[in-house]
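Numbering-wise (the UniProt record's numbering), the sequence shown opens with residue 1 and increments by one.
Beta carbons: idealized from backbone N, C-alpha and C, even for Gly.
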Amino acid sequence: KQTASSVFNKVNKGADGDTADLPRVKVPSSELDAGKPVVDILVELSFAKSKGEARRLIKGGGARVDGVKVEDEAMVLQTELLKGEKEIRVSSGKKKHGIVEMV
Numbered sequence: 001k002q003t004a005s006s007v008f009n010k011v012n013k014g015a016d017g018d019t020a021d022l023p024r025v026k027v028p029s030s031e032l033d034a035g036k037p038v039v040d041i042l043v044e045l046s047f048a049k050s051k052g053e054a055r056r057l058i059k060g061g062g063a064r065v066d067g068v069k070v071e072d073e074a075m076v077l078q079t080e081l082l083k084g085e086k087e088i089r090v091s092s093g094k095k096k097h098g099i100v101e102m103v
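If you want it as structure tokens, here you go:
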């Protein structure tokens with residue numbers, strides 16, 4: 001029998017800093033320096049089947065980068081967004097989370 005808190009923690013995996021089980025996309029630092037479109041990241045993480053679907057997800061307010069809603073479908077991930085870290089969290093809706101890792 002599971003407690004409500006264990007179910008909640010399982011659903012929100014990664015919210016407490018545990019990112020081991022989250023899907024990952026490895027992006028070379030040179031690509032992040034130039035800027036990688038969030039639309040491409042959403043497709044690579046399998047949060048959207050196509051770039052068009054990823055754009056609709058953004059327009060509908062369902063995409064987040066590090067907990068901040070993506071307002072512009074032309075947004076790009078750049079090295080500055082990582083704030084000295086090696087990875088950043090990308091979310092689709094409330095339950096799908098993934099990690100973009102700079103290599």
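On the CB-based measure, 16 or more other CB atoms within 10 Å of its CB, does residue i come out buried or exposed?
i, result
"Ser91", "buried"
"Ala74", "exposed"
"Asn70", "The question names Asn, yet the displayed sequence has Val at residue 70. Buried, by the Cβ-count rule."
"Ile62", "Before going further, note that residue 62 is Gly rather than Ile in the sequence given. Counting Cβ neighbours within 10 Å, Gly62 comes out buried, since at least 16 surround it."
"Ala54", "buried"
Would you kindly check if the distance between the Cβ of residue j and the Cβ of residue i is under 9 Å?
i, j, result
"Val27", "Leu81", "no"
"Ile99", "Pro23", "yes"
"Val65", "Val38", "yes"
"Val25", "Leu45", "yes"
"Asp21", "Thr79", "no"
"Val103", "Ser29", "yes"
So, with DSSP's three-state summary, where would you put residue i?
i, result
"Glu101", "strand"
"Ser92", "strand"
"Lys69", "strand"
"Thr19", "coil"
"Ala48", "coil"
Quick check: what's the CA-CA separation for residue i versus residue j?
i, j, result
"Gly52", "Asp40", "10 Å"
"Lys59", "Lys94", "16 Å"
"Ala48", "Lys86", "24 Å"
"Leu57", "His97", "14 Å"
Taking residue i as part of the alpha helix (DSSP H), name the residues at either end of that continuous run.
i, result
"Val27", "Taken as a continuous stretch (DSSP letters only), Val27 belongs to no alpha helix (DSSP H), being part of the beta strand (DSSP E) at 24 to 27."
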